[in-house]
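This report concerns only the one structure given below.
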Amino acid sequence: MKKINILILSFLMLLTLNSCEKSSGDSLNIYNVGEYLDLDLIDEFEQEYGVSVNYTTFDSNETAITKMQSDSYDLVVLSDYAVEQASVNDMIKPIDWSRIEGFNQNMLVSSLYGILNDLKEEENGFDFLKYSVPYFFGKVGICYDKNKVSEEDILEGFKILHNEKYDGQVAYYDSSRDGFMVAYKELGYSMNTTSLSETEEAFSWIKEIRKTVNCAFKTDELLSEMPDGKYAISLMYSGDAIYSMMEENDDVDLDFYVPDCGTNFFCDGMVIPSTVKNEDLAYKFISFMLRHDNAKANSIYVGYSSPIESVYNELVMPGEEFEDYKDYYIVNYNKGLDEIYRFNPQMTVILNDNEMSISKNIGGVNMLLSKLRTKKTYTKSNVSMKNIINKVPIIGQPFVKIVQRLKRSIKQLIIPKMFFEDIGFRYLGPVDGHNIEELERMLNISKQLEGPVLIHVLTKKGKGYKIAEENPDKFHATGPFEIETGKPKKEKSKDYSKVFGDKLVELAKKNDKIVAITASMKDGTGLTKFAKEFPDRFFDIGIAEQHALGLAAGMAKEGVIPVVPIYSSFYQRAYDQVIHDIAIQNLPVIMCVDRAGVVGADRRNTSRSSRYGVF
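If you count by the working numbering, then the sequence shown holds residues -7 to 607, one letter each, in order.
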């Protein structure tokens, strides 16, 4: 009987393993920046290999890096510096070029290969091709309207952004990296500088632009606004410039210029995460995308320069898609001046916690351990001991790993804030943000530590003004008020949130299936009265818009009527839940958007909501 049971169990395990193998082999999880792949190619790949592709997108490399630490992907497209960051943190696997069918590094565009090779050879260099397969590349330059900008002026390079002649006609790309890159290059510095004085000088240079030409800080809107003639000059990526130039407008004649001082020569690449579940299929997709016809179709769709030399050269030939845009599609390498962004692990993040945190800090022990961990003697001895033990043959490295796991387990029990260390930050704090000497001490310590550092700063909202201290939510954003009493000088009119809240209470009295959900914005969204009237039907889930809508979806599935008011600018956090949990399942969730439109003092929120087309 035992033998039969063993046989049955073995058979079931075999079926399970086969099922798992088939499941992992039938799907591929790809993560890419939005609007950066011809989706027809996804369909073709699925048909050719008889598999399904789960294709999701992100808005920034920083978002991608964060998501890669919690979610599982088989293939991700990252920018150059993010590839380096992911490799340093062991988040991606080295590329096995022998598994890529019909392609090798010799088939790359020579200018691209040249700068990647120089990157590898420089001091503390990085081998991009060891961890990534190039996807697209390009440069940052100036897109301008030849009907409004003279050739003489454009030859000034980035200095034209200071030319008062173009007051109100300049758009500056809203990117901290490339925004500073322009200033660094124009001032003769490396865009990868770590000098504080050079950064301060660059910052002054950027502020001067704002003063002299009243420039607008823009992002993707420029793809339509430049062809429409809204601006005469704009900082832009080469691929976006081509896309804009291809838009027809008889009144606008766009061109693109890369200044001689050098610029950001960027390259995005396909990487395979360390957590990959279907590595074979990932390599098949890479090979598929590198086929001549597929790479050509993708480049035409996206507008950026293909890294494959045969495609790169063909697309600018007579009769081809970029014949008229050859000077912009062809990306030359200005050796010694053009650079690729490097990952700089030296970063200090200040978390301002205004005493509204979810969990309490553990007082004396927490402070004691924080002080201990920030002492120079502790840090140096820790590193020295680790290096000594690592050198012990056979047992050294395993012993270090065991000790590190034990250390982490103990810290997790004692210090609840180790969440930040789990995502790669050295945690310092908590520190009293109103104690300038202690805050300065922490900042100086952060400069001496390797890698990214997070300083947890505790502050009190309204500090120094008793009325505000006692009513912090009332003084989050105020108009004129009497200092003695804290009362507004002008009685507030009935706003959208108040009307919404009163109406919801009225409806809830007639229908006991109505519930309200907030992401820690009870007062701001007009739910204070509802919470008081129906405490059992009111749910405050904290600052977690994703959870708010996920919870609402579950409630709606069970026949409840969930009402979820959220500020328009915060809805972006929960797009996946809106699409996948609610819309695709056609669930009756009432999503009320606050601060979305012409809303007086809250008009600053309008631009983001309109940009993203929220509901």
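C-beta: ideal position from N, C-alpha, C; glycine also.
- Under the criterion of beta carbons closer than 8 Å, Ser266 and Asp82 qualify as touching, at roughly 6 Å.
- DSSP, read as helix, strand or coil, puts Asn286 in helix.
- Residue Gly454 holds the alpha-carbon nearest to the alpha-carbon of Asn346 among Gly454, Ile292, Trp197.
- Sixteen is the threshold: when 16 or more other Cβ atoms of the shown chains lie within 10 Å of the Cβ of Val101, as they do, the residue is buried.
- If you compare the alpha carbons of Phe50, Pro251, Ser298 with that of Leu179, the shortest gap goes to Pro251.
- By the beta-carbon neighbour count (other beta carbons within 10 angstroms, threshold 16), Pro310 is exposed.
- Taking a 10 Å sphere around the C-beta of Asp568, we find fewer than 16 other C-beta atoms and assign the residue as exposed.
- Per the coordinates, the alpha-carbon of Gly471 lies some 35 Å from the alpha-carbon of Met434.
- Between Val69 and Asn21 the beta-carbon gap is near 13 Å, outside 8 Å, which marks them as no contact.
- Secondary structure in the segment 408 to 470: the alpha helix (DSSP H) runs of 4 residues or longer, each lying completely within the stretch, are 411 to 414, 428 to 440, 458 to 462 in chain order.
- The three-state reading of DSSP puts Tyr223 in coil, since its state is none of H, G, I, E or B.
- With fewer than 16 other Cβ atoms from the protein chains shown falling within 10 Å of its own Cβ, Gln338 counts as exposed.
- The continuous alpha helix (DSSP H) containing Asp232 extends over residues 230 to 237.
- Ranked by Cα distance from Asp232, the first of Tyr136, Ala289, Tyr296, Val205 is Tyr296.
- Contact check for Val174 and Cys207: beta-carbon distance about 11 Å, past the 8 Å limit, so the pair fails to qualify.
- The way I'd put it, the segment 132 to 152 doesn't touch the segment 99 to 115; fewer than three beta-carbon pairs between them come closer than 8 Å.
- Residue pairing for Ile300: DSSP places it in a beta bridge opposite Leu100.
- A Cβ-Cβ separation of about 7 Å places Asn184 in contact with Tyr333 under the 8 Å criterion.
- Between the segment 415 to 425 and the segment 315 to 328 there are fewer than three C-beta pairs closer than 8 Å, too few to call the two in contact.
- The way I'd put it, the segment 147 to 158 doesn't touch the segment 233 to 243; fewer than three beta-carbon pairs between them come closer than 8 Å.
- Here the C-alpha atom of Val497 lies approximately 18 Å from the C-alpha atom of Ala511.
- Check the Cα spacing between Cys584 and each of Glu430, Val570, Asp137: the tightest is with Val570.
- Only residues of its own chain outside the window of five on either side were considered, and among them Tyr123 have a CB closer than 7 Å to the CB of Ser79, listed in chain order.
- The continuous stretches of alpha helix (DSSP H) do not include Ser71, which lies in the beta strand (DSSP E) extending over residues 67 to 71.
- Nearest neighbour of Lys151 by Cα position, chosen from Thr204, Pro126, Glu38, turns out to be Thr204.
- One thing to note: Tyr275 has its Cβ within 8 Å of the Cβ of Ile92.
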